[in-house]
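Trainee:
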Amino acid sequence: MEPLFYVMAIMGCGDGNVQCTEARIVPARYESMAQCRAALPTQLAQNTDVPYPMIGANCRTAGSQIAVSAKAKPQG
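The sequence shown maps to residues 1 to 76 in full-length UniProt numbering.
1. Assign threonine 42 to one of three DSSP states: helix, strand, or coil.
2. Beta-carbon within less than 6 Å of aspartate 15's beta-carbon, same chain only, minus the 5 sequence neighbours each way: which residues are those?
3. Tell me glycine 56's beta-bridge partners as DSSP assigns them.
4. Taking the C-alpha atoms as reference points, what is the distance between tyrosine 6 and isoleucine 25?
5. Determine the direct distance from the alpha carbon of proline 3 to that of valine 18, and round the result to whole angstroms.
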């Protein structure tokens with residue numbers, strides 16, 4: 001099973017920062033949301049070739065996530 005990590009999506013937006021769509025995913029993986037957010041300014045500066053009037057970025061989780069539930073108490 002793949003571990004949880006964070007990726008950054010570069011978003012292309014219309015004028016006024018509306019109707020944003022995902023233009024690409026940055027190939028880097030981050031171990032925490034904080035690391036991903038810290039890299040936003042650098043990655044935005046390196047991805048200015050996106051053919052939209054405005055660009056933005058969004059960090060999100062990737063990889064496997066496991067739901068954990070409490071064990072049921074035995075009936076007795």
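Backbone N, C-alpha and C define an ideal beta-carbon position, used for all residues, glycine too. Note that the structure is predicted; figures quoted are calculated from it, not measured.
Mentor: Quick answer:
1. Sequence index remark: in the sequence shown, residue 42 carries index 42 (1-based). Note: threonine 42 maps to helix in three-state DSSP.
2. By 1-based counting over the sequence shown, the position of residue 15 is 15. Once the five neighbours on either side are set aside, the close Cβ partners of aspartate 15 are Pro53.
3. By one-based count along the sequence shown, residue 56 stands at place 56. DSSP lists Met11 as partners of glycine 56.
4. Residue numbering aside, residue 6 sits at position 6 when the sequence shown is read from its first letter. Residue numbering aside, residue 25 sits at position 25 when the sequence shown is read from its first letter. One C-alpha to the other measures close to 11 Å.
5. Stepping through the sequence shown from its first residue, residue 18 is reached at position 18. Stepping through the sequence shown from its first residue, residue 3 is reached at position 3. Approximately 33 Å between the Cα atoms of the pair.
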